[in-house]
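Numbering (the numbering used here), first residue to last: 45 to 109.
We treat Cβ as the ideally placed atom computed from N, Cα and C, and that holds for glycine.
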């Protein structure tokens with residue numbers, strides 16, 4: 045797991061948190077919920093890509109295929 049990945053996920057989390065807070069304070073709760081859901085989807089996409097890369101690395105190390 046790369047340090048870059050941790051910083052990216054943390055940055056997205058902070059950005060989504062700030063945006064959701066601002067939108068909630070301005071009375072746009074539905075939009076804040078949408079921003080939160082989109083943030084979770086983006087982070088999941090990044091994590092899935094990283095896990096796929098890890099599986100490829102493990103496969104090549106043990107010469108599985």
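Would you kindly report the start and end of the unbroken alpha helix (DSSP H) that includes residue 104? Following the DSSP letters along the chain, one finds residue 104 inside the alpha helix (DSSP H) bounded by residues 73-105.
For residue 68, which residues from the same chain have a beta carbon less than 6 Å from its beta carbon, with the 5 sequence-adjacent residues on both sides left out? If we look at residue 68 and ignore the five residues flanking it on each side, its Cβ neighbours are 76.
Segment limits, alpha helix (DSSP H) that includes residue 59: Note, residue 59: alpha helix (DSSP H), 47-69.
Does residue 79 pass the burial test, meaning 16 or more other C-beta atoms within 10 Å, or should it be called exposed? Burial is judged here by how many other beta carbons sit within 10 angstroms of a residue's own beta carbon; residue 79 has at least 16 and is buried.
Residue 50 to residue 63, Cα distance in whole Å? The alpha-carbon atoms of residue 50 and residue 63 are separated by roughly 20 Å.
Buried or exposed for residue 102, going by 16 or more other Cβ atoms inside 10 Å? If you draw a 10 Å sphere on the C-beta of residue 102, you find fewer than 16 other C-beta atoms in it, and that means exposed.
Please state whether the Cβ-Cβ distance between residue 82 and residue 66 is less than 9 Å. Result no, Cβ atoms of residue 82 and residue 66 do not sit closer than 9 Å.
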